[in-house]
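Trainee: Using my numbering, read the sequence shown as starting at 49 and increasing by one per residue.
Think of the CB as a built atom: it goes at the ideal place given N, C-alpha and C, for glycine as much as any other residue.
Just so it is clear, the structure is predicted and the values come from calculations on it, not from any experiment.
Pasting a structure here, questions to come.
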Amino acid sequence: MISVRGDLTMAELRQAIFEALGEMEDEYGICHSRNVTLYLNPTDEFGDRVIVRNSLGRIISRVNRKGPYRSAAEEYNI
Numbered sequence: 049m050i051s052v053r054g055d056l057t058m059a060e061l062r063q064a065i066f067e068a069l070g071e072m073e074d075e076y077g078i079c080h081s082r083n084v085t086l087y088l089n090p091t092d093e094f095g096d097r098v099i100v101r102n103s104l105g106r107i108i109s110r111v112n113r114k115g116p117y118r119s120a121a122e123e124y125n126i
């Protein structure tokens with residue numbers, strides 16, 4: 049489990065997660081993972097909670113991704 053505490057910018061959070069993943073890989077030999085869930089508590093610059101909305105004003109509560117884009121060469125082992 050990775051836990052990052054404190055009020056952070058997205059860039060700081062990205063770096064903290066990147067460093068934690070690197071440590072897990074280097075120190076503990078973790079090379080693969082399956083189905084990762086990351087919970088964010090979005091705030092403004094004052095630490096107050098914000099509601100995330102799309103361009104139509106609808107509340108966004110979840111963002112799903114299937115993983116990084118794989119080129120055709122990767123997909124077919126070319």
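Measuring CB to CB, does Asn89 end up less than 9 Å from Arg97?
Mentor: Closer than 9 Å, so yes.
Trainee: Cutting at 6 Å between CB atoms, please list the residues of its own chain near Ile108, excluding the five before and the five after it.
Mentor: Here the set comprises Val100, Asn102.
Trainee: Between the alpha carbons of Ala120 and Ile126, how many angstroms are there, rounded?
Mentor: Their Cα atoms are separated by approximately 8 Å.
Trainee: To the nearest whole angstrom, what separates the beta carbons of Cys79 and Glu71, a pair I think is in contact under 8 Å?
Mentor: Actually they do not touch by this definition, with Cβ atoms about 14 Å apart.
Trainee: Just to confirm, are Asn68 and Leu56 a CB contact at a threshold of 9 Å?
Mentor: For the sequence presented, residue 68 should be read as Ala rather than Asn. No, they are not a contact pair.
Trainee: Rounded to whole angstroms, what's the CA-CA distance from Glu60 to Gly54? Just pull it up for me.
Mentor: Answer to the nearest angstrom: the Cα atoms are 10 Å apart.
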